[in-house]
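Residue numbering for the sequence shown follows the working numbering, beginning at 8 and increasing consecutively.
Every residue gets a Cβ at the ideal spot worked out from N, C-alpha and C, and that includes glycine.
The structure displayed is predicted, hence computed values, not measured ones.
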Amino acid sequence: MAQPQPRGGGGEGEQVPVQGKEAAPAHQGPIKYGDAFEVKGELAGQPIAPRDAAAMRAAEEKVPGVQVPQESGGGFSAARFMEQAAQYNEALGAVQPGQASDAAAAHGVNVTQDAVAGGRIVTEFVAGQAVGQYAMAEEPAEQAKAAGSEAAAGGTTAARGN
């Protein structure tokens, strides 16, 4: 059986049939923050840029103990997704190598982690808006050490400006 082919000339928002599924909107143009993340305002309309992705990767790596789930076999990494989106946007010619989005350049990229019972919550931000959040369980040895310590359960932040 022949597969339905997308029709040309429809422009942005064109529906592309996929076998066994309802027609999905075709993505044309750069991947913008608003396409991928629940963000608003200036950031939502800006393409994900290579420098933004590099800043997120650096911020993820600076937070002690953060093991990015996607890098260790599953889960989500804002940096990894942003790297892929930035590569796509570069190939499209929508952004240049080393370019940063205006919002990320002005407001920065950061990763925070907050201690909670049994682990920590990691939140990733671009221009002050959350683009990723996940929980990480403590290892049993960390739980025992934490139980014996009366340390405050404060948060850790790594910020990376552009």
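Residue from V133, R127, A134 whose Cα sits closest to the Cα of Y141: Taking the sequence shown and counting its residues from 1, one reaches residue 141 at position 134. Selected option, being the one with the closest Cα: R127.
Q94: first and last residue of the uninterrupted alpha helix (DSSP H) it sits in: Here residue 94 refers to the residue found at position 87 of the sequence shown. Following the DSSP letters along the chain, one finds Q94 inside the alpha helix (DSSP H) bounded by residues 85 to 99.
Cβ shell of A144 (< 8 Å), same chain only, five flanking positions each side left out: Sequence index remark: in the sequence shown, residue 144 carries index 137 (1-based). Around A144, the same chain offers G125, G126 as residues with beta carbons nearer than 8 Å, after the five sequence neighbours per side are excluded.
Under the three-state DSSP convention, the category P57 falls into: In the sequence shown, counting from the first residue as 1, residue 57 sits at position 50. Shown here, P57 sits in a helix according to DSSP, grouped into three states.
Host beta strand (DSSP E) of A142 (start-end): In the sequence shown, the residue the question calls residue 142 occupies position 135. Where A142 is concerned, the enclosing beta strand (DSSP E) stretches over 136 to 144.
Which of helix, strand or coil DSSP assigns to G126: Reading the sequence shown from its first residue, position 119 is the one you call residue 126. G126 falls in the strand class under three-state DSSP.
Residue from Q35, P37, M63, V102 whose Cα sits closest to the Cα of Q136: On the sequence shown, position 129 is the one that residue 136 refers to. Distances from the alpha-carbon of Q136 to those of Q35, P37, M63, V102 put M63 closest.
Local Cβ density within 10 Å of P37, reported as buried at 16 or more and exposed below that: The sequence position of residue 37 within the sequence shown is 30, counting from 1. For P37, the number of other beta carbons within 10 angstroms of its own is at least 16, and it is reported as buried.
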